[in-house]
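2 protein chains.
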Amino acid sequence: MAAARDQLLQTTCELLDLQGYYATGLNEIIRASGSPKGSLYYYFPGGKEELTEEALEHVGRIVLGRIETHLRAVGPPSDAIGGFIRLVAENVEASGYKAGGPITTVALETAATSERLRCCCERIYAAWHDAFRRKLAEGGVRPERAAELATLTLAALEGGILLCRTQRSRRPLDQVAGALQTLIAYLSTGAAAARQPAHRRKREQGEQRAKSE
Amino acid sequence: MAAARDQLLQTTCELLDLQGYYATGLNEIIRASGSPKGSLYYYFPGGKEELTEEALEHVGRIVLGRIETHLRAVGPPSDAIGGFIRLVAENVEASGYKAGGPITTVALETAATSERLRCCCERIYAAWHDAFRRKLAEGGVRPERAAELATLTLAALEGGILLCRTQRSRRPLDQVAGALQTLIAYLSTGAAAARQPAHRRKREQGEQRAKSE
DNA sequence: GATAATATATAGACCAGTTGGTATAATAGC
DNA sequence: GCTATTATACCAACTGGTCTATATATTATC
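Top line first, the protein sequences correspond to chains A and B.
At the far end of the first sequence sits residue 226, using our numbering, and the numbering has no gaps.
At the far end of the second sequence sits residue 226, using our numbering, and the numbering has no gaps.
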């Protein structure tokens, strides 16, 4: 039982990621999920807004899990965060540059429209931010700097996804990963560590012939 | 004559910035602009898509002008770019955190939906990117690094706007400005310049008591 | 310089299709 | 028999878009 509920949530997550809030119709959701409208309003009496909120929270938790897992696995914050951003780049590329930022579009669309959804997105971003912040602090970055750097990471990640989708290329996120990695290495272990980051030499060979703008 | 055309474009820019593409109806645009539907389809036979494209190009040029003016006025790239981001933060704050990224929402909404609008956004972002890239290169950043840093700047700027709007606070953009300024100073004039950037000391006093997540 | 002819532009009624949402009836599982 | 769930029919409001009638300039003709 309640399998229809899960289906509804799953489908909603995918469509929101692909099209955003206003372009995704309730009828489209029920068509894609198989469950009829009766079930939708049975499980989500609050209608589209409530369904969206639960879908965002669901996908927000999943992404938080991925962030934490990845950051725990890799050692120094610079490599860990750079690696995570490249992982996101891979996902965006795999979707044909049609998806990959499951919160972003909805967050922008509803920030001025629905206080409920705005707060929901704010909570999710705060949780992601905190995961980055903790990793940075544990890796030797001064606490105030860690918060600042976590914000830069989150902003550049979301902005990088936007650029990748508009350019149909993973290049922006790769560049973001590279630049952030340099900065974090510099700020966590002192100036010496940033002089020649390990990942750059082999990466730049394969990418340098692309257009420069 | 053609005053109605300008009105239409102006109104469309504002509504797109506020609500995005799909939430902004043609009827809403004509209501807000005063011009009737007949005029809309007279000036923009291509309908909503064409009107949107011209509106985006219009606002894209305006923003490009602001970027270039600001970057030309301030000397070192680190200060110039940091300052510009703080300028954007001011605008977002002044709108009550309801607007400030006139391209972003539409870019995300239409990246997978309208090739025409996707290309339009791609062109605009390319022009902005190039303005940052040139400034960085002129300021002493190695050419390959300049392209990378310009991407980080653009991504963090757009992502920062997103975070400010969801949090109803200019803090994210201020943090982005601070972190970027440090990084650019470090990469443009060598390691020594980043050790104690001038803008930090006085800025941090007034902001440090805010919440850290 | 008055008037007719012609673009230019405005006005809004109208369209089929869709939106989010409600109602009620049928059906399953215990 | 009773609750939990599903299945539709239906709703007013709105969507982007088309169409034709009208007004307002601009230009050409006498």
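Glycine included, every Cβ here is placed at the ideal spot set by N, Cα and C.
Remember, predicted model here, so these are calculated numbers, not experimental data.
Tell me which residues of the segment 164 to 177 of chain A have at least one Cβ-Cβ distance to chain B shorter than 8 Å, keeping chain order. Cβ proximity to chain B below 8 Å picks out Thr164, Leu165, Leu167, Ala168, Ala169, Leu170, Glu171, Gly172, Gly173, Leu175, Leu176 from the segment 164 to 177 of chain A.
Buried or exposed for Pro49 of chain A, going by 16 or more other Cβ atoms inside 10 Å? exposed
Residues in the segment 35 to 52 of chain B having any Cβ partner in chain A nearer than 7 Å: Against chain A - using a Cβ distance shorter than 7 Å - the residues of the segment 35 to 52 of chain B are Tyr35, Ala36.
Where Pro3 of chain B meets chain A, residues with beta-carbon distance less than 7 Å: With chain B represented from 14 up to 226, any question about residue 3 of chain B goes unanswered, as that position is not in the structure.
Can you pull the chain B neighbours of Lys111 of chain A, defined as C-beta to C-beta under 9 Å? Ala124, Ala125
Grab me the residues of Ser46 of chain A's own chain with a C-beta within less than 6 Å of its C-beta, minus the 5 sequence neighbours each way, in chain order. Gln20, Leu21, Thr24
Which value, in whole angstroms, describes the spacing of the CA atoms of Thr37 of chain B and Val76 of chain B? 22 Å
Please say whether His83 of chain B and Gly73 of chain B have beta carbons closer to each other than 8 Å? no
Meets three-Cβ-pair contact criterion under 8 Å: the segment 98 to 109 of chain A and the segment 178 to 187 of chain A: yes
For Leu170 of chain B, tell me which candidate among B:Ser108, B:Gly191, B:Arg44 has the shortest Cα-Cα distance. B:Gly191
Leu196 of chain B at chain A interface by Cβ criterion, 8 Å: yes
Any beta carbon from chain B within less than 8 Å of Ala120 of chain A's own beta carbon? Using a Cβ-Cβ cut-off of 8 Å, Ala120 of chain A counts as an interface residue toward chain B, since at least one Cβ of chain B sits closer than that to its own.
Can you tell me the Cα-Cα spacing of Ile43 of chain B and Gly51 of chain B, whole angstroms? 10 Å
Should Glu122 of chain B go down as buried or exposed, given a rule of 16 or more other Cβ atoms within 10 Å for buried? buried
Might you give, ordered along the chain, the residues of its own chain that have their beta carbon closer than 8 Å to the beta carbon of Leu175 of chain B, omitting 5 neighbours on each side? Gly114, Thr117
Work out the CA separation of Cys26 of chain B and Ala68 of chain B for me, nearest whole Å. 5 Å
Does any C-beta atom of chain A lie closer than 8 Å to the C-beta of Gln23 of chain B? No, its Cβ sits nowhere closer than 8 Å to a Cβ of chain A.
For Ser166 of chain A and Arg155 of chain A, what's the separation of their Cα atoms in angstroms? The question names Ser, but residue 166 of chain A is Thr in the sequence shown. Near 16 Å, if we compare the C-alpha coordinates of Arg155 of chain A and Thr166 of chain A.
When A:Leu193, A:Arg136, A:Gly173 are compared against Ala159 of chain A, the one with the closest alpha-carbon: A:Leu193
Closest Cα partner of Ala140 of chain A within the set B:Gln180, B:Ser201, B:Gly78: The closest CA to that of Ala140 of chain A, considering only B:Gln180, B:Ser201, B:Gly78, is found on B:Gln180.
At which residues does the alpha helix (DSSP H) containing Lys148 of chain A begin and terminate? Per DSSP, Lys148 of chain A belongs to the alpha helix (DSSP H) from 128 to 151.
Mind checking whether Arg178 of chain B and Tyr110 of chain B have CB atoms under 8 Å apart? yes
Report all residues from its chain with a CB closer than 6 Å to the CB of Ser91 of chain A; omit the five preceding and five following residues, and keep chain order. Closer than 6 Å at Cβ, skipping near neighbours: Gln194, Ile197, Ala198.
Counting only C-beta atoms, is Gly33 of chain A closer than 8 Å to chain B at any point? So, interface residue.
For Leu149 of chain B, which of B:Val105, B:Arg136, B:Ile80 has the nearest alpha-carbon? B:Ile80
Quick check: the Cα distance between Ala93 of chain B and Gly78 of chain B, rounded to an integer number of angstroms? One C-alpha to the other measures close to 14 Å.
From the beta carbon of Leu193 of chain A, is the nearest beta carbon of chain B less than 8 Å away? At least one C-beta of chain B is nearer than 8 Å to the C-beta of Leu193 of chain A.
Pairwise C-alpha distance: Tyr55 of chain A and Glu128 of chain A: 23 Å
Specify the secondary structure class of Val87 of chain A as computed by DSSP and reduced to three states. coil
Assumed close pair Gly33 of chain A, Tyr35 of chain B - CB separation to whole angstroms, cut-off 8 Å: 7 Å
When you check each C-beta in the segment 131 to 149 of chain A against every C-beta of chain B, which residues fall closer than 8 Å? Residues passing the 8 Å Cβ filter: Arg131, Cys134, Glu135, Tyr138, Ala139, His142, Asp143, Arg146.
Measure the alpha-carbon distance for His71 of chain A versus Thr164 of chain B and round it to whole angstroms. 31 Å
How long is the line joining the alpha carbons of Gly59 of chain A and Asn40 of chain A, rounded to whole angstroms? 16 Å
Cut-off 7 Å between Cβ atoms - residues of its own chain near Lys61 of chain A, not counting five sequence neighbours on either side: Leu39
Excluding the 5 residues preceding and the 5 following Glu106 of chain A in the sequence, name in chain order all residues of the same chain whose CB lies nearer than 6 Å to its CB. Correct list, in chain order: Arg183.
Please confirm whether Cys134 of chain B and Ala120 of chain B have their CB atoms less than 8 Å apart. Cβ distance < 8 Å, so Cys134 of chain B and Ala120 of chain B count as in contact.
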